[in-house]
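Engineer: Number 97 in UniProt numbering belongs to position 97 of the sequence shown; there are no gaps in the numbering.
Using N, Cα and C, we set each Cβ at its ideal position, and we do this for glycine too.
Have a look at the structure that comes next, please.
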Amino acid sequence: MTLLLDNKTLTDDRDVSGSVGTSENAIGSESAAEWVPACPVTDLEPSWGEAALIKARQIALFLLSPSEVYAVSHRDPHTDANVMARGIVGSRGDRPTIASPLHKEIYDLGSGECFTDPSLLLETFRTRIVGGMIEVEVLS
């Protein structure tokens, strides 16, 4: 079963389709979105970002545990540079974060909220793991 909560993926790695959750800043209507394979879970290293080109969008993927994957825009909202996959993974309490590698703005990986500058927002995407493959929900 695949379960998504606040842009966080949890799975027991069985093939399941149609299980979705919510994220404050994730893309909207499910009817206008599709799940797109990104890469096998085994291609990612824990707490290290990787950039993927999905439907002509640069998306940064972060594996925090074997069953916890986050996806955010690779574009830094402060500088418009595509660098977020090179950011520093951390946390604020129980909320996983990514710090921009350029100016160190800190963003919540689940909501995209910027802790250091409330005017900034990092786009987030829902994720799921199906049969060992990470899938990202993007607009069609």
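#1: Let me know if T124 comes out buried or exposed under the rule of 16 or more other beta-carbons within 10 Å of its beta-carbon.
#2: I'd like the span of the beta strand (DSSP E) that includes V69, first residue to last.
#3: My guess is that L139 and A51 are in contact by the Cβ rule of under 8 Å, so how many angstroms apart are they, rounded?
#4: Does the separation of the CB atoms of R95 and W35 fall below 9 Å?
#5: Anyone know if the C-beta pair for V136 and A71 falls short of 9 Å?
#6: Just grab the DSSP bridge partners of W35 for me.
#7: On the three-state DSSP scale, how would you describe A60?
#8: Report, in whole angstroms, the separation of the C-beta atoms of H78 and E105, which I expect to be a contact under 8 Å.
#9: Would C114 pass as a contact of L102 if the rule is Cβ separation under 9 Å?
#10: Identify, in the order they occur along the chain, each residue of the same chain with its Cβ nearer than 6 Å to the Cβ of S65, setting aside the five sequence neighbours on each side.
#11: Figure out for me which residue from R126, I88 and L120 has the closest Cα to the Cα of D80.
#12: When DSSP builds the beta bridges, which residues end up paired with F125?
Structural biologist: For this structure:
#1: Classification for T124: buried.
#2: If you look at V69, you'll find it in the beta strand (DSSP E) that goes E68 to S73.
#3: Beta-carbon to beta-carbon, L139 and A51 are separated by about 19 Å, too far to satisfy the 8 Å threshold.
#4: No. Outside cutoff.
#5: Yes, the Cβ-Cβ distance between V136 and A71 is below 9 Å.
#6: Answer by DSSP bridge pairing, in chain order: E137.
#7: A60 falls in the strand class under three-state DSSP.
#8: Right, the Cβ-Cβ distance comes to about 5 Å (below 8 Å), so this counts as a contact.
#9: For C114 and L102, no; Cβs fall outside 9 Å.
#10: Cβ neighbours of S65 beyond the five flanking positions: none.
#11: Taking only the C-alpha atoms, the option nearest D80 is L120.
#12: Note: F125 sits in a beta bridge opposite A71.
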